[in-house]
Amino acid sequence: MHPLRRSRRLRTSEAIRSLVRETIITPDDFLVPLFVVGGKGIKQEIASMPNYYRVSLDILAEEVKVLWSLGLKSVLLFAKIPDALKDNEGKEALNPDGLMQLAVKTVKNAVPEMLVMTDVALDPYSVYGHDGVVENGKIANDITTEILAEMSVSHAKAGADFVAPSDMMDGRILSIREALEDEGYVDTGILSYSAKYASAFYGPFRDALDSAPVDQEDIPKDKRTYQMDPANRDEALKEVEMDIDEGADIVMVKPGLCYLDIVREIRNAVEVPVAVYQVSGEYAMLKAASERGWLDHDAVMMEQIIAIKRAGAQIIASYFAKDVVKLIS
Ligand code: PBG
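Positions -9 to 319 (the numbering used here) are the ones given, in order, by the sequence shown.
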């Protein structure tokens, strides 16, 4: 007896495999996260993120030219703020000459066509390391969304094409959208971190920005009152629907690999583009394992990126973006 169908026929050579391959990775898939720091000539490696750096504005200008030359056309900016400029309300976030605002201008000057997205949340500016204003031991929702709206307008004024609110306050997309419209920034987009989970995979990022919640009595030590419970799936759809109703142009799931069921569910349910953030801890795990010779870095990196796209991501924010593009070119 012979098998009725032989699947292996389509796997006999790289030529036929590439002909029937369903998921192809290109530079167009990526959004590149970049960490910016004050000063000049600074390129500091982040301890828990090997080969990833915090850079000053002059180095940022060089870096975005390199990214553009590799076909990477979108960046997502994060600013590392010195402790002296932090407070409870994140006032520094609204400084028109603040680091984020200058970073946006720097990128636009260096590569005018580069798409610039900015992180919108209070944690890098907060003395408490929280994404919102702390009041009586709680993260106050509605005051925070007002500040996030002002912050978004400030980023738009500096030249940001998109703002990316990563805070998980309720109603922030509506506040931000209204503020942008009121100020005439009708074309400034919103990429919402819609299904952002309270994840332990953000550890290295918090090292990069020195933004972890403080260990202090009366201050919540984690972000579980605003970021989502990793146990929940239906709720992710609710969050995404709320954000789309409020005006989000793109919705994002974060982290990546542990949440690909959520990604597919959302992709099947919505008509806006779906992004995935492969976060710092996911990057760190592969770097650590491959440094020990336990995993093949490039092979595992590609497998992970392919899995994220196959699950339904149309946009991938990843610290591997440059490595991937170099590898596939
Ligand atoms: C903060 C923010 C975080 C990340 C992006 N924006 C950390 C957090 O919520 O504590 C994580 C990114 C990463 O781990 O790569 N608003």
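Every residue gets a Cβ at the ideal spot worked out from N, C-alpha and C, and that includes glycine.
Distance check for residue j and residue i, CA to CA, integer angstroms please.
{"i": "alanine 69", "j": "histidine 120", "result": "15 Å"}
{"i": "lysine 98", "j": "glycine 283", "result": "40 Å"}
{"i": "alanine 279", "j": "methionine 292", "result": "15 Å"}
{"i": "lysine 213", "j": "glutamate 207", "result": "15 Å"}
{"i": "glycine 161", "j": "glutamate 236", "result": "8 Å"}
{"i": "tyrosine 42", "j": "aspartate 87", "result": "26 Å"}
{"i": "alanine 265", "j": "aspartate 73", "result": "32 Å"}
{"i": "alanine 111", "j": "proline 155", "result": "6 Å"}
{"i": "aspartate 157", "j": "proline 114", "result": "11 Å"}
{"i": "isoleucine 298", "j": "lysine 30", "result": "36 Å"}
{"i": "leucine 317", "j": "aspartate 288", "result": "8 Å"}
Does ligand 1 have a heavy atom nearer than 8 Å to the CB of residue i?
{"i": "lysine 186", "result": "yes"}
{"i": "proline 249", "result": "The sequence shown places tyrosine at residue 249, not proline. Answer for tyrosine 249: no, Cβ out of range of ligand 1."}
{"i": "tyrosine 273", "result": "yes"}
{"i": "serine 3", "result": "no"}
{"i": "valine 117", "result": "no"}
{"i": "phenylalanine 152", "result": "no"}
{"i": "tyrosine 192", "result": "yes"}
Buried or exposed: residue i, going by 16 or more other Cβ atoms within 10 Å of its Cβ?
{"i": "glycine 122", "result": "buried"}
{"i": "histidine 145", "result": "buried"}
{"i": "serine 308", "result": "buried"}
{"i": "leucine 0", "result": "exposed"}
{"i": "lysine 81", "result": "exposed"}
{"i": "threonine 215", "result": "exposed"}
{"i": "glutamate 35", "result": "exposed"}
Can you find the residues in the same chain that come closer than 6 Å, C-beta to C-beta, to residue i, ignoring five residues on each side of it along the sequence?
{"i": "threonine 134", "result": "Gly122, Val123 and Met159"}
{"i": "alanine 139", "result": "Ser165, Ile166 and Ala169"}
Cutting at 8 Å between CB atoms, please list the residues of its own chain near residue i, excluding the five before and the five after it.
{"i": "glutamate 281", "result": "Pro40"}
{"i": "valine 315", "result": "Pro17, Phe20, Leu60, Gly61 and Leu62"}
{"i": "phenylalanine 191", "result": "Pro245, Cys248, Val269, Ser270, Gly271 and Glu272"}
Please state the DSSP three-state secondary structure of residue i.
{"i": "threonine 134", "result": "helix"}
{"i": "phenylalanine 310", "result": "coil"}
{"i": "leucine 24", "result": "strand"}
{"i": "methionine 141", "result": "helix"}
{"i": "asparagine 41", "result": "strand"}
{"i": "proline 86", "result": "coil"}
{"i": "valine 10", "result": "helix"}
{"i": "lysine 63", "result": "coil"}
{"i": "glycine 127", "result": "coil"}
{"i": "glutamine 268", "result": "strand"}
Compute every distance between the C-beta of residue i and the non-hydrogen atoms of ligand 2, then say whether any falls below 8 Å.
{"i": "arginine 162", "result": "Ligand 2 is absent from the structure shown, which contains only ligand 1."}
Given residue i, which residues of its chain have a CB within under 7 Å of its CB, disregarding the five upstream and five downstream residues?
{"i": "valine 323", "result": "Residue coverage of the chain in this structure runs from -9 to 319, which leaves residue 323 outside it and unanswerable."}
{"i": "leucine 227", "result": "Glu255, Ile256 and Ala259"}
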